[in-house]
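For reference, the structure discussed in these notes is given below.
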Amino acid sequence: MAERSFAKEVEKLRLGAGEEFAGEGILAITKALLQCGVGYVGGYQGAPISHLMDVLADAQDILGELGVHFEASASEATATAMLAASVHYPIRGAATFKSTVGTNVASDALANLASGGVTGGALIIVGEDYGEGSSIMQERSHAFAMKSQVWLLDPRPNLPSIVKAVEDGFELSEISNTPVMLQVRIRCCHVHGHFIAKDNKRPPMTVADALDAPRRDTGRIVLPPASFLHEKEKVQKRWPAAVDFIRKNKINEMFGSDHGSVGIVMQGGMYNSVIRALQRLGLADIYGDTDVPLYVLNAVYPLIDDEFLSFCEGKQSVLVVEEGQPNYIEQAFASMLHKAGRGTRLVGKEHLPMAGEYTGQVMLDGIGAFLRAEAPHLLPGEVRAPNKVGDGVDTADLINVVPGRPPGFCIGCPERPIFAATKLVEQELGKHHIASDIGCHLFSIMPPFELGATTMGYGLGPASASAFNSPDAKRRSISFVGDGGFWHNGLTSSIGNAVFNKNDGVIVIVDNFYSAATGGQDILSSRAGNKTKSTKHPITEAVKGMGVKWLRHIDRTYDVGKMQDTLREALTTDEKGPKVIVASSECMLNRQRREKPLVDKAIKGGERVVKPKFGVDEDICTGDHACMRLSGCPSLSVKSLDDPLRDDPVAHIDQSCVGCGNCGEVADAAVLCPSFYRADVVHNPGRWDRFLETARRATISLLQRRRESRRLTFADA
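In the working numbering, the protein residues as written are 2 to 718.
This is the structure in structure tokens:
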């Protein structure tokens with residue numbers, strides 16, 4: 002189950018011509034696909050594009066009515082390869098995934114797709130995840146467009162522009178016989194707005210129609226000598242066709258004055274931030290109108306020489322707002338000016354950071370610095386001095402005041418006990434080389450566990466430990482891979498590779514029933530039923546099928562003692578070959594999303610419901626906090642006592658506890674202390690519950706009175 006349901010929102014996809022569509026950018030993209038007559042869509046989830054996959058999954062009925070085929074692909078490479086349906090057939094297809102991990106995975110399929118070219122429009126919607134808040138390595142999609150010679154659109158972040166970009170993308174693809182990448186950043190995906198809808202179109206040719214009339218053209222197949230001809234075709238036919246389309250259809254936009262001594266060129270996705278900076282500098286009104294000449298690149302590849310040179314006419318200097326490094330656009334424009342012999346000064350990274358996300362403050366500081374240096378007469382007097390821009394709390398001051406908050410596991414996460422057990426085994430057997438992997442389990446590298454040395458890619462944790470398969474080694478490596486990464490890439494690249502090379506390391510497959518880190522989407526091994534997908538395929542069976550002999554399955558990761566014993570066995574057994582442990586428990590977030598509404602409904606309906614509650618006995622807790630060092634659960638905190646004889650705060654479990662029991666399990670496995678207790682809270686108790694409660698209270702009261710009596714007797718003596 003995905004983290005968010007769009008079941009209600011997808012009804013907006015039925016809106017017809019002339020009706021106003023209001024909603025989120027993700028939903029607008031889906032509506033645009035249907036309005037363009039898309040025939041099939043595939044993709045792989047990953048922020049900020051996960052919700053697009055969730056929207057499509059919730060819109061199955063609407064897609065079915067239009068004859069549109071949708072697949073949640075096994076990987077980004079699968080999604081891109083799926084676009085092969087547009088190579089020989091005039092069918093519009095779309096694929097969607099997160100960048101740049103997605104473009105990395107998809108690059109082989111993308112290169113082949115771009116080589117042969119397409120007949121039908123092929124659109125690759127890439128969720129650009131660049132900046133400090135990203136969970137991935139910092140790279141740009143731009144390089145992949147240049148490498149494979151596919152065109153890259155970067156629309157302004159508002160719904161009409163996004164919808165138009167989808168329409169333009171399909172037309173551009175068909176006219177130039179080239180796949181087109183549509184880059185949408187986080188703000189673009191989640192921006193809210195409205196646009197005037199059009200009728201949805203049934204594709205003129207569906208994939209079912211194509212199967213009834215197979216086509217083939219050897220000139221489109223990537224095989225010599227055609228592959229060399231493809232390269233010539235890219236340069237001699239496809240590129241000029243793309244440039245001509247972009248120019249004639251005015252894909253790029255110009256705003257502001259036609260005249261001016263300076264101007265600003267920007268990626269389309271940067272437009273809102275540029276306008277906001279100009280507003281704060283007093284150079285744009287609340288509607289975004291400005292006298293500063295702006296050249297907005299909704300198509301950032303290929304660039305249009307004569308458009309840019311025309312924009313530079315009469316200008317002394319031009320600022321290029323290009324997020325990220327290398328500065329491909331700035332370099333290309335500098336080359337154009339040099340070849341044309343123009344004297345316009347081109348600046349960019351002199352005033353803007355070489356790398357990192359261009360936030361509102363960064364943009365304000367950079368554009369302000371550019372205007373103060375090149376056109377101070379444009380600025381109101383109060384913002385001409387540099388100390389008037391960017392005033393605020395210094396970052397260093399914040400660091401001293403606000404403690405760092407490293408990312409960590411959610412409350413009740415079933416992966417926490419896996420790493421608690423790993424830490425306990427390391428205390429017993431010594432440290433091991435641990436290879437991490439992409440996914441929630443990567444949080445184990447942070448406090449309190451501080452486990453893991455590398456992460457090389459989705460599903461590649463065990464593969465990254467393969468170099469440590471030395472016959473002279475006295476210690477085994479430990480590697481982790483999640484169930485999402487396992488099915489994405491790990492089955493062959495990690496497990497198959499370990500079997501083939503007789504790797505003697507320990508592999509832990511973290512099975513939480515979903516592709517949890519991307520939003521809780523179902524995968525092959527999900528335990529729940531899915532009406533459109535085939536689930537309930539055990540990971541253990543797939544591992545056996547790859548030839549693994551030493552295999553253990555733990556179906557409740559919260560059993561820290563069992564997890565610890567299994568890891569110890571894997572690290573010390575005399576048996577050779579890969580040792581695989583499948584550690585299974587449902588993602589707590591998804592479990593709570595499923596169970597909480599049912600429990601609340603039952604309680605409101607008067608049904609008897611028992612909910613576990615964990616706590617710490619303050620009289621027993623010594624305050625050594627060892628439990629926290631082996632748990633790290635956000636619900637486990639400290640509490641100061643009023644007792645003047647006890648200075649150290651004791652452990653405390655707050656109301657956010659979901660009753661997973663991990664803290665008590667860790668305490669028991671580590672032989673820490675008996676201060677943890679479990680209390681069952683009974684909602685809508687019956688007669689028997691009330692009788693037991695009365696009996697318990699009476700017994701406790703009796704024992705307390707007896708103890709007090711003995712204490713007084715002892716004191717008198």
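Just so you know, even glycine gets a beta-carbon here, dropped at the ideal spot from N, CA and C.
| Asked | Found |
| --- | --- |
| Counting along the chain, where does the alpha helix (DSSP H) carrying D512 start and finish? | Element bounds for D512: not the alpha helix (DSSP H) but the beta strand (DSSP E), V507 to D512. |
| Rounded to the nearest angstrom, what separates M267 and N253 at their Cα positions? | 10 Å |
| Mind the definition here: the segment 500-518 touches the segment 588-595 only if three or more C-beta pairs lie below 8 Å; say whether that holds. | yes |
| Taking Cβ positions only, does Q362 come closer than 9 Å to chain C? | Of the chains in the structure shown, none is chain C; there is only one protein chain. |
| Taking the alpha helix (DSSP H) that F312 falls in, what are its first and last residues? | D306 to C313 |
| Nearest to V293 by alpha carbon, out of N299, I305, E308 and C313? | C313 |
| Quick check: what's the CA-CA separation for Q237 versus D307? | 18 Å |
| Quick check: R553 and V583, are their CB atoms within less than 9 Å of each other? | yes |
| Could you name the residues of the same chain whose beta carbon sits closer than 6 Å to that of T519, not counting the 5 residues immediately before and after it, in chain order? | Q46, G47 and S51 |
| Along the chain, where does the alpha helix (DSSP H) containing S638 start, and where does it finish? | Careful: S638 lies outside any alpha helix (DSSP H), inside the beta strand (DSSP E) at L637 to K640. |
| Return the chain-ordered list of same chain residues with a C-beta closer than 7 Å to the C-beta of A243, the five sequence neighbours on each side being excluded. | W152, L173, S177, T179 and P303 |
| Would you kindly check if the distance between the Cβ of I654 and the Cβ of C664 is under 9 Å? | yes |
| Using 9 Å as the threshold, is the C-beta distance between A421 and S657 below it? | no |
| Any idea what DSSP makes of V88, helix, strand or coil? | helix |
| Drop a sphere of 10 angstroms on the beta-carbon of E646, count the other beta-carbons inside from all chains shown, and report buried for 16 or more, exposed for fewer. | With the sequence shown as reference, residue 646 is identified as Leu, and Glu is not the correct amino acid for it. Per the 10 Å Cβ criterion, exposed. |
| Please state whether DSSP places Q522 in a helix, a strand or coil. | strand |
| Between the C-alpha atoms of V394 and V164, what's the straight-line distance to the nearest angstrom? | Any reading at V394 is ruled out, since the residue's pLDDT is 49, under 50, leaving its predicted position unreliable. |
| Using DSSP with H/G/I as helix, E/B as strand and the rest coil, what is P463? | helix |
| Give the secondary structure of R630 by DSSP, where H, G and I count as helix, E and B as strand, and everything else as coil. | helix |
| Using the Cα positions of K424 and N490, report the straight-line distance between them to the nearest angstrom. | 27 Å |
| Taking the alpha carbon of V106 as the reference point, which residue from L124, T79, G117 and K503 has its own alpha carbon closest? | T79 |
| Could you name the residues of the same chain whose beta carbon sits closer than 7 Å to that of Q565, not counting the 5 residues immediately before and after it, in chain order? | A422, L425, V426 and A670 |
| Find the nearest neighbour of Y459 within the set V39, G103 and G19, judged by alpha-carbon distance. | G103 |
| Using beta-carbon positions only, say whether A376 and V263 come within less than 9 Å of one another. | yes |
| Give a yes or no on whether the C-beta atoms belonging to R186 and G270 are separated by under 9 Å. | yes |
| Can you give me the Cβ contacts of I63 inside the same chain, cut-off strictly under 7 Å, excluding the 5 residues immediately before and after it? | V11, L14 and R15 |
| List the endpoints of the continuous beta strand (DSSP E) containing P418. | Element bounds for P418: not the beta strand (DSSP E) but the alpha helix (DSSP H), R417 to L430. |
| Taking 7 Å as the limit between beta carbons, can you name the residues of its chain near N504, skipping five residues before and five after? | S467, N470 and P579 |
| By Cβ distance below 7 Å, which residues in the same chain neighbour T536 in space, the five residues on each side in sequence not counted? | D523, L525, S527, A529 and G530 |
| Under 8 Å by Cβ, that's how I've got M54 and G44 pegged, so tell me the actual separation to the nearest angstrom. | 5 Å |
| Can you list, in chain order, the stretches of the beta strand (DSSP E) that have 3 or more residues and sit fully within the segment 93-140? | 94-99 and 123-129 |
| Spell out a yes or no on whether the segment 108-119 and the segment 137-154 are touching, meaning 3 or more CB-CB pairs, one atom from each, closer than 8 Å. | yes |
| Which first and last residues belong to the alpha helix (DSSP H) in which I247 is found? | W240 to K249 |
| Specify, as a first and last residue, the run of the alpha helix (DSSP H) that H143 falls within. | H143 to S149 |
| Considering only residues of the same chain and omitting the five flanking positions on each side of S636, which have a CB-CB separation below 7 Å? | I412, I654, D655, S657 and C658 |
| Closest to S480 by CA distance: which of W488, N498, Q332 and D438 is it? | D438 |
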